[in-house]
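Q: Under numbering that gives the first Met the number 0, the residues of the sequence shown are numbered 0 to 113, in order.
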Amino acid sequence: MASHITIRKAPGTWSVRAGGAVLGETSDALELIEGDYAPVIYFPRKDIAMAFLDQTDSSSTCPYKGTASYYTVVTKSRTLDNAVWSYEDPKDTVAQIKDHLAFYAMDEITVEQI
């Protein structure tokens, strides 16, 4: 793992909501800490209601994690473009985040420990 990245099991149960709808809840979340950035909670894909997400053509590359794919969240009232990301084929040093999704912190999306 890159020396400035730490991945651990996030303690407790976590939920993610968008537009008032629960997108997922899990006790198998991972917490990724990268340098001075705020920790990011990664949810197992199996615990997310993927019907609310549409994959986009957007991508970005991190030299430490690999290429991220993005998803739009569709709520009753809004479409949140590229609000979710996933490393479909992460670098070996962060392989634990494969098959996990992370959500951008924004007013319409709430990630919280419950």
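Don't be surprised by glycine CBs; every beta carbon is placed ideally from N, CA and C.
When DSSP labels each residue in this structure, what does LYS45 get in the three-state scheme?
A: Residue state for LYS45 is assigned as helix, using DSSP reduced to three classes.
Q: Output needed for ASP80: all residues of its chain with C-beta closer than 8 Å, excluding positions within five of it in sequence on either side, in chain order.
A: Taking ASP80 as the centre and dropping the five residues before and after it, the same chain places the C-beta of THR55 and THR71 closer than 8 Å to its C-beta, in chain order.
Q: If you compare alpha carbons, which of GLY34, ASP91, GLY19 and ILE40 is closest to TRP84?
A: Among GLY34, ASP91, GLY19 and ILE40, the Cα nearest to that of TRP84 is on ILE40.
Q: Who pairs with GLN54 in a beta bridge, going by DSSP?
A: TYR70.
Q: For ALA94, tell me which candidate among GLU111, THR66, ILE113 and MET105 has the shortest Cα-Cα distance.
A: THR66
Q: Using a Cβ-Cβ cut-off of 8 Å (strictly less than) and excluding sequence neighbours within five positions of SER76, which residues of its own chain qualify?
A: GLY18
Q: Excluding the five sequence neighbours on either side, which residues of its own chain have a C-beta within less than 8 Å of the C-beta of THR60, listed in chain order?
A: THR66 and ALA67
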